[in-house]
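Chains as they are written, first to last, in the working numbering: chain A, 3 to 139; chain B, 3 to 139.
In this text, a Cβ means the ideal position worked out from N, Cα and C, and glycines have one as well.
All figures in this text were calculated on a predicted structure; none of them were measured in a lab.
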DNA sequence: ATGCAAATGCGACTTATTCTCATTAAGACT
DNA sequence: AGTCTTAATGAGAATAAGTCGCATTTGCAT
């Protein structure tokens with residue numbers, strides 16, 4: 003039986019080895035609805051296999067980012083946080099009180115960005131739009 | 003003679019002491035057209051007074067941020083970079099090849115952001131819009 | 001001029017991440 | 001199934017950015 007998840011296939015197709023730690027990390031990411039940081043992923047991984055080291059988490063996140071399986075976000079101040087990259091593009095609103103992340107999209111903002119960059123003579127390679135907010139009462 | 007710059011007045015009005023290191027750092031910021039990081043400010047400061055310590059740079063940047071004299075930006079990966087806050091609000095386009103920063107504004111994007119946050123039940127406290135681009139040929 | 005609290009300098013510490021290197025283990029090839 | 005090659009791992013040291021503790025200095029109100 004060759005029951006590889008899409009992420010696992012992505013790893014193999016990149017010519018990388020599908021090791022036990024990678025399987026575990028991929029499983030965690032698939033099950034995560036949130037945006038965990040490396041330490042958080044490390045803790046979740048430790049529950050499945052206590053031998054996994056933090057260095058492996060960092061290394062794996064880097065290769066996953068390179069193969070396009072995950073996206074890395076460096077929100078204000080804190081450590082980098084990750085999420086699967088298979089979903090539609092979206093931006094983030096971070097609750098400054100709780101750290102919770104709300105996702106949103108705005109095609110109109112996207113288009114305005116493109117137009118602005120073009121006007122300045124640039125082609126957009128990447129962008130970050132983060133709103134930091136407080137829940138209205 | 004009481005020739006205080008606007009920044010110097012801002013420091014005093016906040017009830018803070020106008021010390022030699024602060025004068026130097028403020029002078030550097032006034033003369034900077036770029037967006038230096040703490041290490042860079044430290045180097046420039048050392049040329050005027052070699053006794054200034056890096057810790058003082060960090061501490062001063064923090065108080066300047068709190069008094070509203072400077073803005074702190076944490077661009078992708080790298081260390082925090084600073085700029086004077088006296089100017090009009092603007093966002094940044096970072097040239098991924100050179101690290102150069104181009105400033106721009108878009109009232110329409112600002113307004114869209116506000117509307118999106120409101121719709122999600124949030125009030126925007128801060129925001130970051132950064133475009134990472136490559137010069138078009 | 002003087003005293004006191006604020007600010008500084010220095011080094012130790014923390015946090016996030018990367019590196020080194022000896023050891024392990026995928027997966028290709030019998 | 002056994003072996004080989006090399007990528008990947010684990011453990012801990014190293015690095016980078018920034019903060020902290022504390023003894024000493026210094027603005028500045030008196």
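Item	Value
Opposing strand residues paired with residue 137 of chain A [DSSP bridges]	B/124
Coil, strand or helix - residue 99 of chain B by DSSP	coil
CB of residue 2 of chain A within 7 Å of CB of residue 110 of chain B, strictly	The requested residue 2 of chain A is not part of the displayed model; chain A covers only 3 to 139.
Three-state secondary structure assigned by DSSP to residue 12 of chain B	helix
Boundaries of the beta strand (DSSP E) in which residue 74 of chain B is found, first to last residue	72-75
Listed by chain order, chain B residues near residue 111 of chain A by CB distance under 7 Å	111, 114
C-beta atoms of residue 2 of chain A and residue 82 of chain A nearer than 7 Å	Here chain A has residues from 3 to 139 only, and residue 2 of chain A is not among them.
Sequence-distant residues of its chain with Cβ nearer than 6 Å to residue 50 of chain B (five each side left out)	26
Residues that residue 91 of chain B bridges to, as DSSP identifies them	In DSSP, residue 91 of chain B forms no bridge with anything.
Residue span of the alpha helix (DSSP H) that contains residue 33 of chain A, given as start and end	22-33
Residues of its chain near residue 7 of chain A, where Cβ-Cβ distance is below 7 Å and the 5 sequence neighbours each way are ignored	28, 32
Same chain, Cβ closer than 7 Å to residue 142 of chain B, neighbours up to 5 away in sequence not counted	One cannot answer for residue 142 of chain B here, as it falls past the ends of chain B, which runs 3 to 139.
Exposure label - residue 60 of chain A; buried when at least 16 CB within 10 Å	exposed
Supposed contact pair residue 42 of chain B and residue 129 of chain A - C-beta distance, whole angstroms, cut 8 Å	About 25 Å; that fails the 8 Å criterion.
Partners in chain A for residue 125 of chain B, counting only beta-carbon separations shorter than 7 Å	135, 136, 138
Residues, ordered as in the chain, of the stretch 87-111 of chain B that lie near chain A by beta-carbon distance below 8 Å	95, 97, 98, 104, 106, 108, 110, 111
Interface residues of chain A facing residue 132 of chain B [CB-CB closer than 7 Å]	129, 130
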